[in-house]
Amino acid sequence: MALMITDECINCDVCEPECPNGAISPGEEIYVIDPNLCTECVGHYDEPQCQQVCPVDCIPLDPGHKETHDELMEKYRVITAA
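Written out as structure tokens, the structure reads:
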């Protein structure tokens, strides 16, 4: 399952550089996560790094993009060509 950023985002800029897949970018009002690039850090880290650094805890799982661990790992392999 990809992650999403909710409207509680305060645009503090700490999550974007933590994403190893480049899935986080500035949106019109708040940061957004591209579900096609988000692997919840599977393949890179044990836990999503954006969630670890977010000071307002506004990065939950995106129920609109459900994926298994195996699907996230396959996405990681495609993104990194590993």
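Throughout the sequence shown, residue numbering follows the UniProt record's numbering, covering 1 to 82 in sequence.
Yeah, the Cβ is synthetic: ideal placement off N, Cα and C, and Gly gets one too.
So the candidates are the options; which of them puts its Cα closest to the Cα of residue i?
i	options	result
residue 6	68, 45 and 51	51
residue 74	62, 26, 47 and 36	36
residue 69	23, 16 and 48	48
residue 20	27, 12, 28 and 33	33
Only counting the same chain, and skipping five residues up and downstream in sequence, which positions put a Cβ closer than 7 Å to that of residue i?
i	result
residue 10	56
Would residue i and residue j be called neighbours here (beta carbons separated by less than 7 Å)?
i	j	result
residue 39	residue 72	yes
residue 18	residue 53	yes
residue 1	residue 44	no
For the beta strand (DSSP E) that residue i lies in, which residues bound it at each end?
i	result
residue 76	It is not in any beta strand (DSSP E) - residue 76 instead sits in the alpha helix (DSSP H) that spans 69-80.
Nearer than 6 Å: is that true of the beta carbon of residue i relative to any heavy atom of the ligand ADP?
i	result
residue 24	No copy of the ligand ADP occurs in the structure displayed, which carries no ligand at all.
Just to confirm my understanding: we take residue i, look at its own chain, exclude 5 residues before and 5 after, and list those with CB closer than 8 Å. What are they?
i	result
residue 67	1, 2 and 75
Take residue i and list the residues in its own chain whose beta-carbon comes closer than 6 Å to its own, dropping the five residues that flank it on each side.
i	result
residue 23	33, 34, 37 and 38
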